[in-house]
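First comes the structure, then the notes that go with it.
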Amino acid sequence: MTRRVLVLGGSGFVGRHFIEQLQRADIYVTVPTRRMIAARELWPLPFVTPLEADVTKPDVLARLVPGHDAVINLIGTLHGNQALFARLHGELPRQLAAACTASGVRRVLHVSALGVSADAPSRYLRTKAAGEDALRQVAQSGALDLTILRPSVIYGADDRFLNVFARLQRVFPVLAVPCANARFQPVWVRDVAEALVRCLSNRDAVGETLELAGPDVWTLRDLVRSAGKWSGVRGGRGRPVIGLPGALGSLQALFMEWMPGRPLLSRDNLASMKVASVASGKLPGLGALGIQAASLPAVAPTYLGRDGSIRRLDVYRQMAGR
Ligand SMILES: NC(=O)c1ccc[n+]([C@@H]2O[C@H](COP(=O)([O-])OP(=O)(O)OC[C@H]3O[C@@H](n4cnc5c(N)ncnc54)[C@H](OP(=O)(O)O)[C@@H]3O)[C@@H](O)[C@H]2O)c1
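Residue numbering for the sequence shown follows my numbering, beginning at 10 and increasing consecutively.
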């Protein structure tokens, strides 16, 4: 029986939705965060204990893991140098496995990504593969009950994906998009959160690697176009979208890397898009957990539209059966 879980990366996009669902199951949640303010949306939740800690520092995980029935690792980044990617995606899972083994906490859910492999074209995908391997090795020795979840790109009311495409179209008359033919199978954040909750209580998920994807494959060009339409830009027609050739796309990414704040795009992101973020179909998916994946056109217009903030509540009302 799962009563108390430790969620690493719980302050993030997926974490907030997942923890909201854990609340409904009366599960106590500990959420370490580097800055308490990052977890502010979780503060009011009665079963959540946010605490300030940097889990990448030595011994912090060894201190935090004991006393929990399971650990869920949602930590990840799309931006940073090689050292940060290696530390967060490769080394942290290794340290997590060691902390779990030392304290006898067996159940671990680890969120990776579709397309990971040791010879993938991007640091993101290669280091994510290293993290999977580190955990899998310990699980194969019998010390962990591991489930790995590999989502495609994740969308939802507060995403930094379709919302960004929509916002850009409110500002620019034309959108120039690199890797316009890159393929994705977007999955709703609520379905990802539900998958995590079901994995916690489902022993059949132990030892599995699951591919989390929506029902349809989209090109990046079509996703950008649709975000413009669904957000009501130009009376619902959206802006024209043009594909940038490879070299220009890299220049655009380089420029964005140097802009202040979190970059919209990096050259490593472009490299990741060389691999389709699409389920292979060889591994179990949401269906294996009894979840029927939401369709993007059914959900995205409810939060991207001009009246999205009101219609978004309808989605929640519908889910609450009210
Ligand atoms: N969103 C997607 O479309 C998508 C697609 C495929 C896979 N994934 C994977 O799914 C997981 C969750 O994604 P998400 O969108 O929820 O991510 P997110 O919103 O960016 O949140 C990431 C979390 O990681 C923590 N984190 C980031 N950098 C860190 C650092 N340097 N040291 C320690 N902690 C750090 C943050 O914690 P604090 O700031 O609170 O410390 C944050 O809560 C990630 O592993 C991601 O790679 C996401």
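C-beta: ideal position from N, C-alpha, C; glycine also.
Counting only runs of 3 or more residues that sit fully inside the segment 17-54, the beta strand (DSSP E) segments are 37-42, in chain order.
Distances between the C-beta of V284 and the heavy atoms of ligand 1 are all 7 Å or more. Beta-bridge analysis with DSSP links P187 to L253.
DSSP places R116 within a strand segment (E or B) once states are collapsed to three. The DSSP-derived three-state label of F193 is strand. Counting every other CB atom within 10 Å of its CB across the protein chains shown gives V14 a total of 16 or more, marking it as buried. Under DSSP, I81 forms a beta bridge with V16, L118.
Beta-carbon to beta-carbon, S275 and M282 are separated by about 11 Å, too far to satisfy the 8 Å threshold. Between the alpha carbons of R145 and R103 lies a distance of about 10 Å. The C-alpha of E141 lies about 23 Å from the C-alpha of T39. Short of 7 Å from the beta carbon of A138, and not among the five residues preceding or following it, lie these beta carbons of its own chain, in chain order: V125, S126, A127, A129.
If you compare the alpha carbons of W227, E203, H88, D168 with that of Q301, the shortest gap goes to E203. The three-state secondary structure of S281, taken from DSSP, is helix. The beta carbon of I251 sits closer than 6 Å to those of A185, all from its chain and outside the five residues before and after it, given in chain order. Per DSSP, the continuous alpha helix (DSSP H) segment holding V308 begins and ends at 305-313.
Ligand 1 never approaches T228 closely enough for any of its heavy atoms to be under 7 Å from the residue's Cβ. Exclusion of the five residues before and after R12 leaves I36, Y37, D78 as the residues of its chain whose Cβ lies within less than 7 Å of its Cβ. By the C-beta density criterion, S131 is buried, having at least 16 other C-beta atoms within 10 angstroms. Note on geometry: alpha-carbon atoms of G294 and M268 lie some 38 Å from one another.
Collapsing the DSSP output to three states places S131 in coil. Boundaries of the alpha helix (DSSP H) harbouring L93: 91-94, taken from the DSSP string. Shown here for R234: same chain residues with a beta carbon closer than 7 Å to its own, the five before and five after excluded, namely G247, V250 in chain order.
Under the three-state reduction of DSSP output, W267 falls in the coil class, being neither helix nor strand. Where V198 is concerned, there is no enclosing beta strand (DSSP E), although the alpha helix (DSSP H) around it starts and stops at 198-210. Per DSSP, reduced to three states, the secondary structure at P272 is coil, with no helix or strand assignment. Note that the C-beta distance between R159 and E217 is not below 8 Å.
In this structure, ligand 1 has a non-hydrogen atom nearer than 7 Å to the beta-carbon of S20. The segment 152-182 is shown to contain whole beta strand (DSSP E) runs of 3 or more residues at 154-160, in chain order. Between W239 and L153, the gap from beta carbon to beta carbon reaches 8 Å or more. Between A288 and Q194, the C-beta gap is smaller than 8 Å, which places the two residues in contact. By the CB criterion at 8 Å, L51 and A62 fall outside the cutoff.
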